Every structure is written in structure tokens, then in C-alpha cells.
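>
Residue numbers (this note's numbering): 168 to 959.
(1) By alpha-carbon positions, which one of 798, 225, 928, 287 ends up nearest to residue 808?
(2) Around the C-beta of residue 252, are 16 or more other C-beta atoms found within 10 angstroms, so that it is buried, or is it exposed?
(3) Using 8 Å as the threshold, is the C-beta distance between residue 391 and residue 174 below it?
(4) Does residue 736 come within less than 8 Å of chain D when only Cβ atoms are used?
(5) Could you pull out every residue in the same chain whose Cβ sits closer than 6 Å to the Cβ of residue 316, ignoring the five residues on either side in sequence?
(6) Please report the straight-line C-alpha distance between residue 861 and residue 584, rounded to a whole angstrom.
(7) Which whole-angstrom value describes the C-beta separation of residue 234 and residue 381, a residue pair presumed to lie in contact below a C-beta threshold of 8 Å?
(8) So what does residue 814 bridge to, in DSSP terms?
(9) Is DSSP giving residue 643 helix, strand or coil here?
(10) Quick one, are the C-beta atoms of residue 706 and residue 892 less than 8 Å apart?
(11) Return the chain-ordered list of same chain residues with a C-beta closer than 6 Å to the C-beta of residue 404, the five sequence neighbours on each side being excluded.
(12) Assign residue 202 to one of three DSSP states: helix, strand, or coil.
(13) In the DSSP assignment, what are the bridge partners of residue 576?
(14) Look up residue 423 in the DSSP assignment and say whether it is helix, strand or coil.
(15) Which one or two residues does DSSP pair with residue 488 in a beta bridge?
(16) Can you tell me the Cα-Cα spacing of residue 615 and residue 765, whole angstroms?
(17) Is the CB-CB distance between residue 851 and residue 792 below 8 Å?
(18) Considering only residues of the stretch 242-306, which uninterrupted alpha helix (DSSP H) runs meet the minimum length of 4 residues and lie entirely inside it, listed in chain order?
(19) Taking 6 Å as the limit between beta carbons, can you name the residues of its chain near residue 435, skipping five residues before and five after?
(20) Restricting to Cα atoms, I'd like to know which of 372, 872, 551 is closest to residue 527.
(21) By the 10 Å Cβ neighbour count, where 16 or more other Cβ atoms means buried, how is residue 831 classified, buried or exposed?
(22) Enumerate in chain order the residues of its own chain whose CB-to-CB distance from residue 375 is below 6 Å, with the five nearest sequence positions on each side excluded.
(23) What does the alpha-carbon distance come out to for the pair residue 767 and residue 228?
(24) Check whether the Cβ atoms of residue 231 and residue 294 sit closer than 8 Å, and answer yes or no.
(25) Assuming residue 698 and residue 720 make a contact with CB atoms under 8 Å, what is their CB distance in whole Å?
(26) Are the stretch 736-744 and the stretch 557-570 in contact at 8 Å, needing three or more beta carbon pairs?
(27) Shortest alpha-carbon distance to residue 267 belongs to which of 653, 429, 700?
(28) Assuming the contact rule is C-beta atoms closer than 8 Å, residue 553 and residue 432 should be a hit. Round their C-beta distance to whole Å, please.
(29) I want to know whether the stretch 884-903 touches the stretch 586-601 - three or more CB-CB distances under 8 Å.
(30) Nearest CA to the CA of residue 661: which residue from 450, 454, 795, 464?
(31) Count the other C-beta atoms from every protein chain shown that fall within 10 angstroms of the C-beta of residue 333, then say buried if there are 16 or more, exposed otherwise.
(32) Please confirm whether residue 780 and residue 769 have their CB atoms less than 8 Å apart.
(33) When you compare the CB positions of residue 450 and residue 477, do they come within less than 8 Å of one another, or not?
(34) Thinking residue 219 and residue 186 are a contact (beta carbons under 8 Å), I'd like their distance in whole angstroms, please.
(35) Identify, in the order they occur along the chain, each residue of the same chain with its Cβ nearer than 6 Å to the Cβ of residue 272, setting aside the five sequence neighbours on each side.
(36) Kindly list the residues whose CB is nearer than 8 Å to the CB of residue 361, restricted to its own chain and excluding five residues on each side of it in sequence; keep chain order.
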């Protein structure tokens, strides 16, 4: 396995405007916690936060605060690394964020509530999706490689670094800008306030532990292989030696009081690094300041190395909890600790006694001989991530055997198709799952959607748990439940199974309901808030099915599904997991359509006609795909395999699409190359066309440019509408179903100007051994996967 090293770091936080300034402040034990001026906190239990002061405004057009934080930290990291120019196509972005452009979304929402939808500024929504931050970074710095966004709440930044390791190890990229960012926002202040989790005083992790202070910031690392760094003479600051991911499957907001999931994450990270607990010199702790988190982490540290636990400190005690940025910000601090051979402290308020069961490095930092640092991030929903960071690579590179990865299960619900067999039938018969569900918008009339009827979102879910779930969690749970009833895993197998969630836009209806109440009344709803995070649906699925293996949540728009499959496949291939379920879920509530209604012709009124300028008909779906290590599953359970991925991007920028199709075409050619086949070996293509001419035209041109325009093409969004991240996972299922049926389904319509290879209204009987599945997202991200039928 390649050694992955850090050659550049960047940091923006309440402690300082760059990494060096922050380090001096942190080592002195100076707290950056103070009353915030960028969030209205009247009526909330605390106004204290770790605010970044003096953040420059955008020089020209409006730019969300989150994006500005990200740009400054990313610029510092890239400049420090000296990444060579002209390598943009080989530079990936792996970003962690919990809020993204939530501040812009809140502005739009407030205008909608107070002045009506027609008077709300929809331009603000260009900055709202989480992936818009990554899109802006790609455009600003010319980073044209793969692009992914992790959103496991407080663990997102650490998980983003973990995925960066896999992108480099797989050879998908040569460099990765990996990190996290989040701003201070009313959504998070209101949410944690209603839970009673905020401390009205400066927080005191591991001591008083009476609540957390929110913070904002951005931390980025430039990662590459040691071989690459040495070849170009780059300075190596540290090595990302290992990472571990796990799920508690215990509670929606509280950690497992025994810390079993957190311990598994730390042990997995050490195992990947080839190290033991005795090798740890320092732990940069999660240390939020809440009683439950602090007590569990102290318990885990003392259990991991009984009798002589390593020193631990909380960076959050000085900069606040930066949510999705925290894992990355604290990874940067950990690298700085190794570079400077100093342990950063925990700020302890005057008159507060330090705990005596662990060494929390109270007050000011101290000099120490450091070789190995562990950085912990334990998130909402029981999502745990630990990083092992080493001062310098040592010893030979580990020779890790690679395992084959197969698809062994499918579960799906989409529109009016309530079961997996219903979804399969609608696809093969080309009969739409929409027509009965509509959304009525003030001043704009009615729009048909392919949303799931609420009556279909209860089947198979424990009634006691059902009442705590929102609509996104329910569709994810139904799809996962259908899969598990078909692929009967033992209790032990299920417990070790990982869960990777993919969602394009997350729990939009829940976020809208929570934020509306917060804006109208000044108080958040405690029942709603736990479901506003992107990983909430995965948390419900894990809890219902006791899935405690590696977990991640990808929220990068329409490419999220393939990104999740790529990440999961990488872990299984190197033996870090035996099986991982990838679950994609998205919805199309009124709040979603409201953002598009003012764009002429954007939304379909009555029908979805890909390549036919019908407009985009939004849908809702839940799709589960089970990946397993080849040889573990019974042969009769093997449905197919994912044999090649193509992950690319362009510099379109947030909320925009390039007029060129080169990047999309590159995703096709890279997927075929990764599968070691040429165009003649592809039997069918599952198109991402959605009825929007700009999108459909780009894909049509990309197929031409990649030399695969003659391959039979099916456009399933004519049946299911556009279900966000779930669409590409539906595409993978459809590829397998076409192989089983020996048939490429008919098109519901073949519009004038459609690609010549679009299958006719009669359908096509054909042996389908190998299918290329296409996906895209506005902002310039394109991902494709080659799916092979079992036995091909």
C-alpha cells in the first residue's frame, strides 16, 4: 500500500487567519471563544462561538461565508504544497462539510417566508448545496479531477481525508485537496440550543463539560504519495498512516456510553497503520464539552491503553466545534504538533479542575517527542472516524492483497413503485412511476413529481422507531430492509456490515420545517433537529439493522451514488470491510421545487422526456446496493460486479454547467479504461439525461467525444424522474436487471434530435453483459461506472 503524505496545510479558525498564526495562539492556550456577531442569537441559550474575525468579503459578486472560509484555507494549503501547474485533471477535491451554504439558504428562506416566493432571491441558492463549496474551489483553483463531499456531521472532515487516501491509493488521482469547512449559522445555533447542548460560557471539555460552543473555520491538507512528493522535491510534513470508520448503531444523537464504536474506529486506524496502542504519543480528542461525549472519550482512551493512557487535548476548547470542518481542522493541528514536536493544550477556564483519569494537557502546550498522533471525530448519529498521523513514513510499504468486489443485493422504492420487484417491472416495461403526486407552489401552479406516496413509507419499519424518522430516513430504511430480507445475513455478518449513504440534497423537507419554525418563532423543534443532518437517514438504517461497520455519508448531488460505490469498493478491495451496503435516498418536496420554479422551463409540468426539452421532473427514491468481498457470498447471491470507475470534474463553478463536454467524456473513457475494455465491449449505456436541454446536450456530445455514441442508450428518468443521488444507484440496479432479462427497455418517447442510439419505443432484445452508467451534477462533476453481469 502506498504511503500517503501531507505536503501542504491551510487553516482558518477563531485562533488565527492561517496555520502559523493559529498554532501560536493554540499553543499559548488562548481561547478564541466570544459572543458571535454573525448569527442572531436572541432567545437562544448561548451566543458564544468561535468566530473567524476579519474574513475578507468577496471582491466582486456575492459569495457565501462558507465558500470564503474554504478558499482562504485551500489557497494556503495549495501554495504551501507547490502542486505543479498543468496537473488539474489529476487533482481531486475531497471535502467535508455539515452546513455548506446554509447561510445563503437561510437568507432565501427568510425572504420566502416574509415576502413570498416570487420575491425571494433564488440566486442565493447557487451557494446552498454542500457540493457548491467544492465546485467553487474547483473553479477558483482549476482542480479538474474527482470531486466528492462527505457529510457525516462532526466527522465529515476526517472522513474526507479518509476518502482522499483511497483516491490516491487507487491511482484515481495524483494529488488531493482534502479538508473541511463550516460557517457559524442560525441553523446549527438554533438546533443545538433547542437540544440544550450549548454552553452559555466558554466551553470546558474534559473538565466542566457543561456544553459545547459552536465554531467556524476551514482546514485543508494537500495529500499525495510519498513517491510523488520525493520525486518533485516537496517538503513532507507528515504521513496519513491510517484511518478507521465505524457506526455505533445506538442512538440518533447520543454516543454509545460504552464507547465500543469509537474504540473500533481507533483500533481500525491503528491496524491500517501497522501500529499498536503503545505507539500513540498524543490524541487530539473530539472533546466537544458535552458530558456524554467527554466521558465516553475519556473511557475509550483509558480502555485503549489501560494504566498509561496517552495525553489528550481538545482543540475545540479554543476555537469551538466547527462541525463538518472539525476533523480536518484538528488533523491540521495534529500535523502542526508533529512538525513542531509540541502537544497543544486544552483551555481550562479559571477555577475549573482538570480530570484526573487522563492527562488533558491543561492550560498551555508542552514540548514532547512525537511520532504518532491519533485524531478523533465522533459524530451525531454514532458516526466515528479516527486518523493516525505519523511524523515520517518508516519501514517498507505494506503489500496489501486486493480482493474482488461483487454486488450481492438490491433493494429499491421509487415513486409509485413500492417494492424492488415493482421498480424492476416499471423499468423493464417502461411505465412511469409518476402522475399521482403533485406539488402546488404559490404563484407558479402545479408540478407533477415522481415522489413516493406517504402511505408507502411505513412498510417493514418498527413502529416505535418510525415516529422518530423523517421521509428521507424512511425511504432509505425501506430499501435497506427489502435488500436484507432478500440477502439473509447472519447477526454476526450484519453487525460487521458497513453502511455508506448517498444523498444529493439531503433531508430538504425536514430542514425547511425546522428552519421555518426557527425563523418564525425564534425556537427550534427538538423532534426535527436530529433529522436535519445529512447522515441522519444512515443512522436510522444502522440502528434498525444493527450495522456497525465502516460508515460514511456522501452528499455531492447527482454523483453521490457512484462516489459512495467507489469509496465502499476501495475499502472492501483492501480488506478493511467484508461487505458494505450503499444506500441512496432523495426527495422532491415543495421546498425543493421552490428553488427552481422561477427558472423558465426548468421544471416539467406533466411528463419527463429526456432529450425532449420537457423540463426536469423531480422524483423521490430509496435504493440499496450490497457490495461484498468476492468469495464470501454464496455464488447464487452474486448479481454482478463494478469493474471500472470514471470520476472527473471541470471548472463550471457553483450552480453552473460548462458549455464543453470534455470532462464528461473523460469520465466515460476513464471508466472503460479502469474496466480494461473498449467501446466494443459495452452493450448498453444508462443515460443521466433529464429533460433539460443543457444537460442532455452535454451528455449527447460527451458520448460522441468518447466514441460510444453508437452503443444502445436507455434513459430511465423518463420512468422514474430525477431522484438525485438515487438515480445512479437505480442505474446500477437497472444494468443488472437488463443483464438478467436480456433486454434493453423501450423508450417512452424518441424526441427529434435525440441520440441515434436511444432505444426505440419497441425496446431491444439483446445480451447485456456490460453496461456503462452515467451521472453528473451541476457545478461540473461527472462520474461513471461500468457494471458487469454475473458470469460475464
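No residue lacks a Cβ here, since even glycine has one placed at the ideal position from N, Cα and C. Just so we're clear, the structure is a prediction, and the values are computed from it rather than from any experiment.
Reading from the atomic positions:
(1) Stepping through the chain shown from its first residue, residue 808 is reached at position 641. That would be 798, whose Cα lies nearest to the Cα of residue 808.
(2) For the purposes of this step, residue 252 is taken as the residue at position 85 of the chain shown. Exposed is the call here.
(3) As a working note, residue 391 is residue 224 in the chain shown. As a working note, residue 174 is residue 7 in the chain shown. Yes, Cβ-Cβ distance for residue 391 and residue 174 is below 8 Å.
(4) The structure shown contains no chain D, having only a single protein chain.
(5) Numbered from its first residue, the chain shown carries residue 316 at position 149. So the qualifying residues of the chain are 262, 297, 298, 301, 722, 723.
(6) Residue numbering aside, residue 861 sits at position 694 when the chain shown is read from its first letter. Residue numbering aside, residue 584 sits at position 417 when the chain shown is read from its first letter. For residue 861 and residue 584, the distance between alpha carbons rounds to 29 Å.
(7) Here residue 234 corresponds to residue number 67 of the chain shown, with the count starting at 1. Here residue 381 corresponds to residue number 214 of the chain shown, with the count starting at 1. At roughly 19 Å, the Cβ-Cβ gap does not stay under 8 Å, so residue 234 and residue 381 are not in contact.
(8) As a working mapping, residue 814 is identified with position 647 in the chain shown. DSSP lists 950 as partners of residue 814.
(9) For the purposes of this step, residue 643 is taken as the residue at position 476 of the chain shown. If DSSP states are grouped into helix, strand and coil, residue 643 belongs with the helices.
(10) For this step, residue 706 is matched to residue 539 along the chain shown. For this step, residue 892 is matched to residue 725 along the chain shown. No.
(11) Locating residue 404 in the chain shown gives position 237, where the first residue counts as 1. Once the five neighbours on either side are set aside, the close Cβ partners of residue 404 are 173, 502, 506.
(12) Taking the first residue of the chain shown as position 1, residue 202 is located at position 35. Strand.
(13) Counting from one through the chain shown, the residue named residue 576 turns up at place 409. According to DSSP, which records beta bridges pairwise, residue 576 is partnered with 793.
(14) For this step, residue 423 is matched to residue 256 along the chain shown. The answer is coil: DSSP assigns residue 423 none of H, G, I, E or B.
(15) Here residue 488 refers to the residue found at position 321 when the chain shown is read from its first residue. DSSP, once it has assigned bridges, lists 381 as partnering residue 488.
(16) On the chain shown, residue 615 is found 448 positions in, with the first residue counted as 1. On the chain shown, residue 765 is found 598 positions in, with the first residue counted as 1. When rounded, the distance between both Cα atoms is 16 Å.
(17) Along the chain shown, one-based indexing puts residue 851 at 684. Along the chain shown, one-based indexing puts residue 792 at 625. It is not a contact, given that the beta carbons lie outside the stated cut-off.
(18) 269-282
(19) The residue you call residue 435 lines up with position 268 of the chain shown. Cβ neighbours of residue 435 beyond the five flanking positions: 411.
(20) Your numbering for residue 527 matches position 360 in the chain shown. Of the listed residues, the one whose Cα sits closest to residue 527 is 372.
(21) Within the chain shown, the letter at position 664 stands for residue 831. By the neighbour-count rule (16 or more Cβ atoms within 10 Å), residue 831 is buried.
(22) Start at 1 with the first residue of the chain shown, and residue 375 comes out as number 208. If we look at residue 375 and ignore the five residues flanking it on each side, its Cβ neighbours are 519.
(23) Counting from one through the chain shown, the residue named residue 767 turns up at place 600. Counting from one through the chain shown, the residue named residue 228 turns up at place 61. Those two C-alpha atoms are separated by around 23 Å.
(24) Here residue 231 corresponds to residue number 64 of the chain shown, with the count starting at 1. Here residue 294 corresponds to residue number 127 of the chain shown, with the count starting at 1. Yes, Cβ-Cβ distance for residue 231 and residue 294 is below 8 Å.
(25) For the purposes of this step, residue 698 is identified with residue 531 of the chain shown, where counting begins at 1. For the purposes of this step, residue 720 is identified with residue 553 of the chain shown, where counting begins at 1. Rounded, the Cβ-Cβ distance is 13 Å, inconsistent with contact.
(26) yes
(27) The count along the chain shown starts at 1 and reaches residue 267 at position 100. The option with the nearest alpha carbon to residue 267 is 700.
(28) As a working mapping, residue 553 is identified with position 386 in the chain shown. As a working mapping, residue 432 is identified with position 265 in the chain shown. Right, the Cβ-Cβ distance comes to about 4 Å (below 8 Å), so this counts as a contact.
(29) yes
(30) For the purposes of this step, residue 661 is taken as the residue at position 494 of the chain shown. For the residues 450, 454, 795, 464, the minimum Cα distance to residue 661 belongs to 795.
(31) Along the chain shown, read from residue 1 onward, the residue named residue 333 stands at position 166. So residue 333 ends up on the buried side.
(32) Along the chain shown, one-based indexing puts residue 780 at 613. Along the chain shown, one-based indexing puts residue 769 at 602. The answer is no: Cβ separation not under 8 Å.
(33) The residue labelled residue 450 in the question sits at position 283 within the chain shown. The residue labelled residue 477 in the question sits at position 310 within the chain shown. Closer than 8 Å, so yes.
(34) Taking the chain shown and counting its residues from 1, one reaches residue 219 at position 52. Taking the chain shown and counting its residues from 1, one reaches residue 186 at position 19. So it is not a contact: roughly 14 Å between Cβ atoms.
(35) Residue mapping note: residue 272 aligns to position 105 of the chain shown, counting from 1. 295, listed in sequence order.
(36) Reading the chain shown from its first residue, position 194 is the one you call residue 361. The answer, listed in chain order, is 690, 691, 692, 693, 696.
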